[in-house]
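In order, the protein sequences belong to chains A and B.
The first sequence maps to residues 2 to 336 in the working numbering.
The second sequence maps to residues 2 to 336 in the working numbering.
Note sheet for the following structure.
Protein chains: 2
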Amino acid sequence: MSELQRRPTLMDVAEAAGVSRALVSIVMRGAPGAAESTRQRVLQAASDLGYRADSRARLLRSSRTKLLGLAFSSSQPFHAEIVDAAYAEASARGYEITLSAVAGGRPEARAIETLLDVGAEALIIIAPTLSVDNLAQHARQVPVVSLLRDDVGEYVDSVSSDDYAGIALAVDHLVSLGHRRIVHVDGGTAVSSDKRRETYRAEMIRHGLQPVVVSGGTGEEDGMRAGHTLQADLPTAVIAFNDRSALGVMECFRAAGIGIPADVSVLGYDDSNFAKLSYVQLSSVSQDAPLLAAAAVGRAVDRIEGVSSPGSVVRTPHLVIRKTTARAPEGNSDT
Amino acid sequence: MSELQRRPTLMDVAEAAGVSRALVSIVMRGAPGAAESTRQRVLQAASDLGYRADSRARLLRSSRTKLLGLAFSSSQPFHAEIVDAAYAEASARGYEITLSAVAGGRPEARAIETLLDVGAEALIIIAPTLSVDNLAQHARQVPVVSLLRDDVGEYVDSVSSDDYAGIALAVDHLVSLGHRRIVHVDGGTAVSSDKRRETYRAEMIRHGLQPVVVSGGTGEEDGMRAGHTLQADLPTAVIAFNDRSALGVMECFRAAGIGIPADVSVLGYDDSNFAKLSYVQLSSVSQDAPLLAAAAVGRAVDRIEGVSSPGSVVRTPHLVIRKTTARAPEGNSDT
DNA sequence: CATGTCTTCTAGATCGTTCTAGTTTGACCA
DNA sequence: TGGTCAAACTAGAACGATCTAGAAGACATG
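Dropping the structure here:
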């Protein structure tokens with residue numbers, strides 16, 4: 002293998018094109034102040050040499066990287082969907098995205114440090130678990146946008162989905178199908194779990210129904226465990242914290258010969274890609290990942306560019322009805 | 002919101018401690034050449050000011066970023082598992098990882114550019130789809146390691162799993178359980194699909210059995226489609242291209258009332274996290290994501306640091322037997 | 001012809017580090 | 001006392017870009 006090539010610099014391009022470094026800089030940035038003919042010549046030289054601007058040097062001098070830092074959790078498929086959408090929106094706004102995963106042995110704080118180290122001008126954190134103080138501290142250095150969590154203090158922007166409306170939609174939908182015994186399998190320690198649980202309780206009471214909460218979590222296993230608990234006293238409908246949990250519940254029921262939606266209706270949350278799969282066909286509350294991602298990227302870019310805009314954005318989710326929810330079975334009334 | 006703070010610099014710390022910038026640099030890097038007493042004084046001053054080294058400037062000067070670029074596909078859960086493991090290995094080696102996703106509207110070339118822009122010293126690409134020439138071109142600038150694909154030319158290192166051995170294990174396992182009618186649902190256009198398909202054919206013939214290939218893909222939907230095709234003339238065992246496809250096949254069979262493993266055994270590939278879920282319990286060929294990731298990171302770091310080592314590493318996969326494979330049903334012999 | 005005004009281009013400072021090549025300090029020894 | 005040597009410290013040049021201020025040339029105007 003031959004020796005690695007040194008990366009060409011502005012100086013190299015300048016020499017090749019017979020102009021000064023400054024002019025090459027002007028051309029590369031697309032700034033005004035270069036004659037069209039020289040511009041072409043410089044661009045030609047740059048592409049001949051395979052020149053690419055060194056973002057570190059650029060940042061050092063200009064404090065602009067056009068880089069958005071996005072922290073996500075590698076184990077959540079829904080986060081992956083947001084990541085995809087964020088790329089699209091960022092590139093439309095002329096920014097790049099740099100990712101950092103929160104994984105098993107890699108805490109959120111570490112992920113954020115990495116993002117700042119590579120020069121992210123703003124931070125977008127999906128479902129941050131850091132304390133409000135901690136987030137505020139970072140916000141003194143760069144704009145911070147929290148996605149899917151809204152209690153983040155006054156210094157951090159948030160883009161979230163209206164959990165209240167989402168759960169209300171879920172309960173209304175099931176009630177309108179004649180269900181009265183509707184159980185909620187919660188998200189355990191997950192970020193919006195408390196909010197959804199309490200909203201579920203309030204909504205049930207508003208409908209004159211008895212709320213029943215079973216503890217769950219964010220994964221299929223949690224859903225399965227909850228499903229087992231439920232078998233003892235089967236409700237007619239279940240609202241799960243998210244789609245993965247819903248899947249677990251369904252698997253458990255299926256294994257026990259309980260028909261979905263014949264015996265029990267199951268409603269998920271997130272409308273993940275796999276909810277759409279033909280063999281799953283899960284009814285779910287959609288938070289619309291592309292819209293959320295676009296809003297978060299928009300907020301981050303606005304902040305960077307000094308455009309004033311509201312501190313927090315709340316999007317209203319909507320219901321996607323597929324094949325796991327149906328009319329309540331007859332004669333199976335409450336209590 | 003208050004104005005963003007200016008970050009303190011080496012100069013600020015130097016003034017506060019009454020020493021030169023260079024000495025502060027020495028202390029902050031933990032380099033030898035500073036008296037213990039001054040070292041303490043400088044560290045004190047630095048922490049008083051809340052000083053954090055500006056990595057952009059540092060890296061610009063030292064031409065070391067200690068950054069590994071990792072390109073992965075956001076829609077593949079197996080890639081996410083590799084990403085997790087790569088983080089762990091990189092940090093053990095004293096490197097950081099910067100990610101770039103290949104998503105719908107974001108081609109691999111774009112992902113790689115981003116990685117180079119932020120200063121990655123080496124590229125690790127999971128299942129690259131770029132041409133050998135294209136990869137070689139990047140390899141002239143930085144070391145490139147291909148993960149899960151081994152035909153990448155002489156200038157690019159590769160770390161892959163031995164598909165030959167993997168499929169052989171799969172076929173042997175099923176044959177040893179008495180299966181004779183074993184079908185392969187292939188991966189369509191996926192990176193190692195051709196190799197696995199041909200190996201399957203060869204292995205079947207070696208065992209004196211008739212190979213049957215059904216076209217599939219990398220997702221659950223592909224598996225489902227293949228499952229439908231298979232129902233017409235049911236085999237006793239199916240080897241799927243990956244776990245997601247296997248899941249699709251199983252769902253299709255289950256819906257048709259076909260018992261797994263009572264009527265048909267199903268074997269996946271990848272041993273993804275969800276294969277381990279209690280309600281899936283999929284037997285699968287494990288490529289061992291942590292080991293693959295560690296090997297890839299190791300190769301990249303070795304290259305960066307000039308340690309000579311073999312150009313390609315091939316790991317042998319192993320079989321994880323769970324509950325979707327069992328003895329072939331009696332009286333259901335071949336053809 | 002002097003002056004003013006564009007446009008196009010360039011020299012040199014600068015960002016916050018690290019690196020190189022010293023210089024100073026002080027301990028030790030003949 | 002003076003010489004040697006290592007340890008402690010420093011000045012100033014990098015790194016590769018951007019930015020500021022101004023020079024050079026073309027052209028119009030009075």
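By construction, the Cβ of each residue, glycine as well, lies at the ideal position given by its N, Cα and C atoms.
Pick from the options that is closest to residue i, judged by C-alpha positions
| i | options | result |
| --- | --- | --- |
| B:R323 | B:I305, B:A290 and B:D272 | B:D272 |
| B:H208 | B:P236, B:T190, B:E222 and B:A169 | B:A169 |
| A:S313 | A:A140, A:R59, A:A58 and A:S159 | A:S159 |
| B:L149 | B:G106, B:L268, B:A128 and B:H139 | B:A128 |
| A:V298 | A:M225, A:G70, A:P236 and A:A327 | A:G70 |
| B:A327 | B:A241, B:L268, B:S193 and B:L50 | B:L268 |
| B:G154 | B:P144, B:L136, B:Y165 and B:G167 | B:L136 |
| B:V84 | A:A89, A:F79, A:L100 and A:D85 | A:L100 |
| B:E199 | B:D164, B:S284 and B:R304 | B:D164 |
| B:F242 | B:A112, B:I113 and B:G224 | B:G224 |
| A:S75 | A:R107, A:T66 and A:T190 | A:R107 |
| B:A257 | B:A247, B:A238 and B:L231 | B:L231 |
| A:F73 | A:I125, A:A238, A:L283 and A:R197 | A:I125 |
| B:S63 | B:R30, B:D264, B:Q77 and B:A166 | B:R30 |
| A:L292 | A:S194, A:R316 and A:L283 | A:R316 |
| B:K67 | B:A123, B:E204, B:D152 and B:G167 | B:A123 |
Closer than 8 angstroms to chain A by CB, residue i
| i | result |
| --- | --- |
| B:A58 | yes |
| B:A241 | no |
| B:M225 | yes |
| B:T99 | yes |
| B:D85 | yes |
| B:D118 | yes |
Inter-residue CB distance, residue i and residue j (contact presumed, cutoff 8 angstroms)
| i | j | result |
| --- | --- | --- |
| A:A276 | A:G179 | Actually they do not touch by this definition, with Cβ atoms about 23 angstroms apart. |
| A:R94 | A:V302 | 5 angstroms |
| A:L60 | A:P9 | In fact, because the Cβ distance is near 19 angstroms, the residues do not count as touching under 8 angstroms. |
| B:S287 | B:P262 | That belief does not hold up - the Cβ atoms of B:S287 and B:P262 are roughly 19 angstroms apart, past 8 angstroms. |
| B:A86 | B:A294 | 4 angstroms |
| A:A112 | A:A102 | 7 angstroms |
| A:E82 | A:A247 | Going by Cβ atoms, the distance from A:E82 to A:A247 rounds to 16 angstroms, so no, they are not a contact pair. |
| A:E1 | A:T130 | Within the shown structure, residues of chain A are numbered from 2 to 336, placing residue 1 of chain A beyond reach of any answer. |
CB contact check: residue i to chain B, cutoff 8 angstroms
| i | result |
| --- | --- |
| A:G34 | no |
| A:S75 | yes |
| A:S279 | yes |
| A:E252 | yes |
| A:M2 | Residue confidence for A:M2 is low, a pLDDT of 40 falling below 50, so the modelled location carries little weight and cannot support an answer. |
| A:T115 | yes |
| A:E199 | no |
| A:E90 | no |
| A:G218 | no |
| A:R53 | yes |
| A:G167 | no |
| A:E221 | yes |
| A:L61 | yes |
CA-to-CA distance, residue j to residue i, given in whole angstroms
| i | j | result |
| --- | --- | --- |
| B:D335 | B:R182 | With a pLDDT of 45 at B:D335, under the threshold of 50, the modelled position of this residue cannot be trusted, and the question is left open. |
| A:E4 | A:N274 | Because A:E4 sits at a pLDDT of 49, beneath the cut-off of 50, its placement in the model cannot be relied upon, and the following sentence gives the value as read from the coordinates. The straight-line gap from Cα to Cα measures roughly 45 angstroms. |
| A:N333 | A:A171 | Interpretation of A:N333 is limited by its pLDDT of 49, a score under 50 that renders its predicted location unreliable; the figure taken from the coordinates is listed afterwards. Rounded to whole angstroms, A:N333 to A:A171 spans 20 angstroms at the Cα level. |
| A:S161 | A:G34 | 43 angstroms |
| A:M2 | B:V133 | Reliability fails at A:M2, whose pLDDT of 40 lies under 50, so the model's placement of it is uncertain and no value is given. |
| A:E16 | A:R40 | 14 angstroms |
| B:A47 | B:S26 | 11 angstroms |
| B:S310 | B:A296 | 12 angstroms |
| A:G19 | A:S38 | 13 angstroms |
| B:A54 | A:A91 | 28 angstroms |
| B:S279 | A:R202 | 30 angstroms |
| A:I305 | A:L210 | 48 angstroms |
| A:G260 | A:F254 | 7 angstroms |
| A:T325 | A:I240 | 11 angstroms |
| B:A58 | B:P78 | 36 angstroms |
| B:D152 | B:L283 | 30 angstroms |
Contact check, residue i vs residue j, beta carbons under 8 angstroms
| i | j | result |
| --- | --- | --- |
| B:A104 | A:Y96 | no |
| B:L175 | B:S266 | yes |
| A:V157 | A:R300 | no |
| A:P236 | A:V213 | yes |
| B:L11 | B:V28 | no |
| B:V192 | B:V215 | no |
| A:A227 | A:G217 | yes |
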